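Visitor: If you're matching positions, the sequence shown starts at -9 in this note's numbering and goes up one per residue.
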Amino acid sequence: TQFIRTVRGADDAVVPEVTITGLTAPFGDVFNSMTKLRTYELRDTLTLDRGAHTIRLGGEARRIFKGLSIGPPTAGTFTFNSLLDFVEDKPFRQTLTVAPDTGVPTNFGRYFTLYETGLFVQDDWKINPRLNLNLGVRHDYFGTVTEREERLSSLVLGAGESFREQIASASIGRVDRLYQPERLNFSPRVGFALDPTGSGTTSIRAGFSMAYQPHHGQSISGARALPPDAIQSVIQPSNQIGSRILYGIPAPFNPEFARGLNEYGGVRARAGERPVRITGFVVNPEIKTQYSESWFLNAQRRLPHDWAVEVGYVGTTGINLERIDDINRFNGDLLDGREDRTNANFGVLLFVTNGLTSSYNAMTVEVRRPFSRGFSLQTNYRWSKWLDTSSDTSTGQFQDNAEPGKGATNINCLRCERARSMFDIPHRFSSSVMWTPTFFKGSNNFIEKLSAGWQISAIFTGQSGRPFSVWDGRSFSQGGDYNADGGGGAVGGGFYDRPDAPETGTIRSSFSRQDFLNGLFDPGVFPKPAPGRDGTLGRNTFRGQRYITLDLSLARSFAVRGEKQLQFRLEAFNALNAVNLFLPNADLSLSTFGKSTQAFEPRTVQAGLKFVF
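Written out as structure tokens, the structure is:
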């Protein structure tokens, strides 16, 4: 059983969130928002030994409860084109979650429950002393989401032969379920271990498996501030969305938010008014279960003096991976001076669906020696390549994450996003050493006692830099949003179109650390596409600086009395004080474009004492 309760913000927060193009982070008050998570889980495994067969049968069941967005309403968001516009109180967009009939800010608490089960059977078959075979199968069921008060809302696709036609006539409203869960998620597992010589010094192992994964809980449960209970409303007069922004702190009441809903779940408008748009977070009712296929082959050899070496290959492919993208857009939308959208009732429609793929292939080499005679070593090298069409639907995997949760630049060309993953690290070397010195063994009793028992450890890591994309965070009116589709699929909004590829020879193939500090590129080398057209520059075409770090530690335990001990430990993280830079700012709209303005932690030294009794 697991219980988690988180609370953030303050009950009396009144300052709306403020976002300014060209600044990397918004600011403003965050209202009190409470999240409650409760997980109940049962699992068990039965093992049967039947001669050469060891059979394992098992299962697990989980009940997951999520209480989300419990707390006072938010103050909304005002977005400005520039710092000057902020000084002059001229936002170009306002976003606020309100009750559609009153226009008053409202919360949108939801209490979701879902059930998951898993069953498996595996047979470890010892065919003979030199060959073991592993056979198994697993079944996973990931149930649909229910809401305690039956307040489930999502997208209801309309009539039409093409998906775009179905979106154009779609509505948002109450649904019985967000999606139909799949019940045939069977995944095989097979592997073998072979001793080719029978001497016990060499082994060859190989295996294949499938693994189904549940939908991202945060993605599915994002479908909550939706009609008929609440709407995430947007006013942006420059794009013919709504008529007027009322700006102030706290945000003043705007009657345009209180027009009620039409039959499609969009906001009504009075004669002569332009309707406010709704931003929706919806789930594909036909979403499939995402899964991966993995395989490996390796050979191990035991060497004299307890040394061992292993060489292997590992591969993984991701299929039907989850994505979140704004499906209510098309290239050239803004060329007529207004934001039409595929479905004019809505603005951004973030659609939780499938379609992503990934592939990972790696060669690995490992040399190791277990702790013996005061020394141990484990050294690894990995040469790999990782490709995908989008690296993740949620951000934050890396401290220097430069990817703002993006969808496809062109909603109709997901294959155009296929490129190096943000996780792609072609070369990675790591080594860990532990040593207990015995220099003064056999010396006089005092010196031997003083020097004995010390343990010295070191961990070294060196790896290639990660890829990044060059993109433009400006709106269409500022010269960005090159394909004029009104933004894109970024979770949380924003613009991120990529420019045209620079001419050959205008950008070097490698960069020094100083280049990352001074700026890798001149923004002018990236041509702007013609309005309404996608840029030709690929995704993740550039790579950040390599990463190197060495961690050291010195430790010893001193006997005090009886079983009592005093443990001393001295540690140095990044002992070489290597400067490992963050990925450079990749947004062409920033004055710091192409520059790494932050670095990972410098050398840190700490000492500790622990009394054990």
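Yeah, the Cβ is synthetic: ideal placement off N, Cα and C, and Gly gets one too.
As the structure is a computational prediction, the values presented were derived from the model and not from experiment.
1) With a threshold of 8 Å, are at least 3 pairs of Cβ atoms found where one atom belongs to the stretch 484 to 496 and the other to the stretch 415 to 422?
2) Rounded to whole angstroms, what's the CA-CA distance from Ala545 to Ile446? Just pull it up for me.
3) Would you give the residue range spanned by the beta strand (DSSP E) that Asn124 belongs to?
4) Is the CB of Ile162 under 7 Å away from at least one CB in chain C?
5) For the stretch 96 to 103 against the stretch 123 to 143, are there 3 or more C-beta pairs whose distance is under 8 Å?
6) Count the CB pairs spanning the stretch 541 to 561 and the stretch 521 to 528 that are closer than 8 Å, and state whether there are at least three.
7) I need the DSSP call for Asn575, collapsed to helix, strand or coil.
8) Using alpha carbons as the reference points, say which of Lys585, Arg46 and Leu293 lies closest to Asp622.
9) According to DSSP, simplified to helix, strand and coil, what is Asn564?
10) What's the gap between the Cα of Leu13 and the Cα of Leu580?
11) Please classify Trp376 as buried or exposed, where buried requires at least 16 other C-beta atoms within 10 Å of its C-beta.
12) Evaluate Asn97 with the Cβ neighbour count: other Cβ atoms within 10 Å of its Cβ, from every protein chain shown; 16 or more gives buried, anything less gives exposed.
13) So, does the stretch 288 to 297 touch the stretch 179 to 198, judging by three or more C-beta pairs under 8 Å?
14) Do you know how far the Cα of Gly455 is from the Cα of Tyr537?
15) What alpha helix (DSSP H) runs, 4 residues minimum, are completely inside the stretch 40 to 67?
16) So, under 8 Å CB-CB, Phe485 and Asp505 are touching, yes? Tell me the CB distance rounded to an integer number of Å.
17) Helix or strand or just coil, what does DSSP make of Ser211?
18) Please identify the residue among Ala149, Gly181, Val165 and Asn335 whose C-alpha is closest to the C-alpha of Val127.
19) What is the C-beta distance between Val162 and Val4, in whole angstroms, given that I count them as a contact (C-beta under 8 Å)?
20) Whole angstroms is fine: what's the gap from Asp79's alpha carbon to Ala562's?
21) At which residues does the beta strand (DSSP E) containing Asn288 begin and terminate?
22) If you follow the beta strand (DSSP E) that Phe419 is part of, which residue opens it and which one closes it?
23) Using 10 angstroms around the beta-carbon of Tyr202, count the other beta-carbons present and answer buried if the total reaches 16, otherwise exposed.
24) Count the C-beta pairs between the stretch 317 to 327 and the stretch 337 to 352 that are closer than 8 Å, then say yes if the count reaches three, no if not.
25) Would you tell me roughly how many angstroms separate the C-alpha atoms of Phe466 and Tyr281, rounded to the nearest one?
26) Could you have a look at Ser349 and say whether DSSP puts it in helix, strand or coil?
27) Considering only heavy atoms of the ligand SAH, does any lie closer than 6 Å to the CB of Asn118?
28) Ser144: buried (16+ other C-beta within 10 angstroms of its C-beta) or exposed?
29) Along the chain, where does the alpha helix (DSSP H) containing Arg503 start, and where does it finish?
30) Nearest by alpha-carbon distance to Leu573: which of Phe516, Ser586, Ala42 and Thr582 is it?
31) From this set, Arg83, Thr64 and Asp114, which residue's C-alpha is nearest Arg40's C-alpha?
32) For the beta strand (DSSP E) containing Phe601, list its first residue and its last residue.
33) Roughly how many angstroms separate the alpha carbons of Glu283 and Leu125, rounded to a whole number?
34) Contact defined as beta carbons within less than 8 Å: I believe Ile225 pairs with Arg52. What is the distance between those atoms, to the nearest angstrom?
35) Looking only at its chain, what residues have a beta carbon closer than 6 Å to the beta carbon of Thr44, apart from the 5 residues adjacent to it on each side?
36) Counting only the same chain and skipping the five closest in sequence on each side, list residues whose C-beta sits under 6 Å from that of Gly386.
Guide: Reading off the structure:
1) no
2) 7 Å
3) Leu121 to Phe132
4) The structure shown contains no chain C; it is built from a single protein chain.
5) yes
6) The stretch 541 to 561 makes no contact with the stretch 521 to 528: fewer than 3 CB pairs, one atom from each, lie closer than 8 Å.
7) Asn575: coil per DSSP, three-state reduction.
8) Examination of residue 622 is not possible in this model, given that the chain is present from -9 through 603 alone.
9) coil
10) 7 Å
11) buried
12) Flag for Asn97 reads buried.
13) yes
14) Looking at the two C-alpha atoms, the distance is approximately 6 Å.
15) none
16) Not quite, the Cβ-Cβ distance comes to about 27 Å (not below 8 Å), so this is no contact.
17) coil
18) Gly181
19) A small fix is needed here, since residue 162 is Ile in this sequence, not Val. Contact flag wrong, Cβ pair sits at about 29 Å.
20) 49 Å
21) Gln280 to Arg292
22) His417 to Trp425
23) buried
24) The answer is yes - the stretch 337 to 352 touches the stretch 317 to 327, with three or more Cβ pairs under 8 Å.
25) 38 Å
26) strand
27) Only the bare structure without any ligand can be found here, which leaves the ligand SAH out of the picture.
28) buried
29) Arg503 to Asn508
30) It is Ser586.
31) Asp114
32) Thr594 to Val602
33) 16 Å
34) About 42 Å; that fails the 8 Å criterion.
35) Asp114
36) Confidence is the limiting factor: at Gly386 the pLDDT is only 47, short of 50, which leaves the residue's position unreliable and the question unanswerable from this model.
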